[in-house]
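Chemist:
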């Protein structure tokens, strides 16, 4: 392939390549390969897509996720208005309806974990950051209502683990998308294949055009705030605070270890380390 690179009889963009197919190939690529080039001046780095993720889910999945995200956003607005107005409190109902609640949070995690295939009507790489921000807002704006310190620590630790997993799953969706976007915008087609491009610089994970990441300082600041909230709640009552705090830290540590294991599996499967 390298010997024919940029040959005059092989135009850079073949007319039989549909623009939509080219775009989807770049955005759905999970592993980019670099190969030797015979033209180190005009094409010092030659890349091609080695693997793409499977096809998309039916449109009904996109619609259901959009409705769910909209309902979660409206739920936050309603509960915020109720808190400000000082009206009737629905603590038990609120706990289950918030995005960080025991019902909504697993649904959001499942959607983000399968997010690469939610791309029929809209791309989850576009709305995923907004969903993660909903989790941040929900966790910070509404404190967990629990009648005991043990339950409070357990619910907050579960929320922390969920936010960390959500940010990790979001990165598994947006990093291949941003990498393909960089490869499509900042490269020139070599004409060898539908995804073969020449670049002047190395193609890095996530690209250089968009700097947003789910696994970011913002996420860790939110997690740190929740941890401080747990500490303040537990240290407010001297009775049994040491035992409860140890259990909370142990539960949180198990959640973080699970995040690390999932991180290794996700980055291995998605091929986010491009060769």
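Numbering (our numbering), first residue to last: 1 to 275.
Ideal Cβ positions, reconstructed from N, Cα and C, are used throughout, including at glycine.
Beta carbon of residue 144, beta carbon of residue 152: below 8 Å?
Modeler: Here residue 144 corresponds to residue number 144 of the chain shown, with the count starting at 1. Here residue 152 corresponds to residue number 152 of the chain shown, with the count starting at 1. In this structure, residue 152 lies closer than 8 Å to residue 144 by Cβ.
Chemist: Taking C-beta to C-beta, are residue 73 and residue 199 nearer than 8 Å?
Modeler: Position 73 of the chain shown, counting from 1, holds the residue named residue 73. Position 199 of the chain shown, counting from 1, holds the residue named residue 199. Cβ distance not < 8 Å, so residue 73 and residue 199 don't count as in contact.
Chemist: If you run the structure through DSSP and keep just helix, strand and coil, what is residue 53?
Modeler: Walking along the chain shown from the start, residue 53 turns up at place 53. If DSSP states are grouped into helix, strand and coil, residue 53 belongs with coil.
Chemist: Determine the closest residue to residue 165 out of 52, 107 and 20, with distance taken between C-alpha atoms.
Modeler: Translated into positions along the chain shown, residue 165 becomes position 165. Minimum Cα distance to residue 165 is reached at 107.
Chemist: Using the DSSP secondary-structure output, state which residues sit across from residue 60 in a beta bridge.
Modeler: Within the chain shown, numbered from 1, the residue matching residue 60 stands at position 60. DSSP, once it has assigned bridges, lists no residue as partnering residue 60.
Chemist: Buried or exposed: which applies to residue 156, given that a residue is buried once 16 or more other Cβ atoms fall within 10 Å of its Cβ?
Modeler: Taking the chain shown and counting its residues from 1, the one referred to as residue 156 is at position 156. That one is buried.
Chemist: Taking Cβ positions, are residue 116 and residue 171 nearer each other than 8 Å?
Modeler: To locate residue 116, count along the chain shown from 1; it is residue 116. To locate residue 171, count along the chain shown from 1; it is residue 171. Not a contact, by the Cβ cut-off of 8 Å.
Chemist: Measure from the alpha carbon of residue 178 to the alpha carbon of each residue in 60, 210 and 32, then state which is nearest.
Modeler: As a first step, residue 178 is located in the chain shown; it is residue number 178 there, counting from the start. Taking only the C-alpha atoms, the option nearest residue 178 is 210.
Chemist: Output the residue ranges of the alpha helix (DSSP H) runs that lie fully inside the region 95-120 and measure 4 residues or longer, sorted by chain position.
Modeler: Counting only unbroken stretches of 4 or more residues, the alpha helix (DSSP H) elements lying wholly within the region 95-120 are 104-113, in sequence order.
Chemist: Residue 156 lies in the alpha helix (DSSP H); which residues open and close that run?
Modeler: By 1-based counting over the chain shown, the position of residue 156 is 156. Residue 156 -> alpha helix (DSSP H) spans 149-185.
Chemist: Would you report the Cα separation of residue 71 and residue 78, rounded to the nearest angstrom?
Modeler: The count along the chain shown starts at 1 and reaches residue 71 at position 71. The count along the chain shown starts at 1 and reaches residue 78 at position 78. Roughly 10 Å separates the two Cα atoms.
Chemist: How about residue 76 and residue 137: do their beta carbons lie closer than 8 Å?
Modeler: Stepping through the chain shown from its first residue, residue 76 is reached at position 76. Stepping through the chain shown from its first residue, residue 137 is reached at position 137. Cβ distance < 8 Å, so residue 76 and residue 137 count as in contact.
Chemist: Here's a check: name, in chain order, each residue in its chain whose Cβ is nearer than 6 Å to the Cβ of residue 28, leaving out the five neighbours to either side.
Modeler: Counting from 1 along the chain shown, the entry for residue 28 is found at position 28. Spatial neighbours of residue 28 in its own chain (CB-CB distance under 6 Å, excluding positions within 5 residues in sequence) are listed in chain order as 52 and 53.
Chemist: Please identify the residue among 233, 174 and 190 whose C-alpha is closest to the C-alpha of residue 208.
Modeler: What you label residue 208 is simply residue 208 of the chain shown in a count that begins at 1. Among 233, 174 and 190, the Cα nearest to that of residue 208 belongs to 174.
Chemist: Whole angstroms is fine: what's the gap from residue 239's alpha carbon to residue 231's?
Modeler: On the chain shown, residue 239 is found 239 positions in, with the first residue counted as 1. On the chain shown, residue 231 is found 231 positions in, with the first residue counted as 1. The predicted position of residue 239 is uncertain, since its pLDDT is 49 and thus under 50; no value can be drawn from it.
Chemist: Can the beta-carbon of residue 47 be found closer than 8 Å to that of residue 197?
Modeler: One-based indexing of the chain shown puts residue 47 at position 47. One-based indexing of the chain shown puts residue 197 at position 197. Yes, these two residues count as a Cβ contact at 8 Å.
Chemist: Beta carbon of residue 127, beta carbon of residue 69: below 8 Å?
Modeler: Looking up residue 127 in the chain shown gives position 127. Looking up residue 69 in the chain shown gives position 69. Going by C-beta atoms, residue 127 is nearer than 8 Å to residue 69.
Chemist: Report the three-state DSSP secondary structure of residue 34 (helix, strand or coil).
Modeler: What you label residue 34 is simply residue 34 of the chain shown in a count that begins at 1. Three-state result, residue 34: strand.
Chemist: How long is the line joining the alpha carbons of residue 225 and residue 50, rounded to whole angstroms?
Modeler: Indexing the chain shown from 1 puts residue 225 at position 225. Indexing the chain shown from 1 puts residue 50 at position 50. Note on geometry: alpha-carbon atoms of residue 225 and residue 50 lie some 41 Å from one another.
Chemist: Under the three-state reduction of DSSP, which class applies to residue 199: helix, strand or coil?
Modeler: In the chain shown, residue 199 corresponds to position 199, counting from 1. Three-state DSSP puts residue 199 in a strand.
Chemist: Do residue 99 and residue 135 count as a contact pair if the criterion is CB distance below 8 Å?
Modeler: If you number the chain shown from 1, residue 135 lands on position 135. If you number the chain shown from 1, residue 99 lands on position 99. Taking 8 Å as the Cβ cut-off, residue 135 and residue 99 qualify as a contacting pair.
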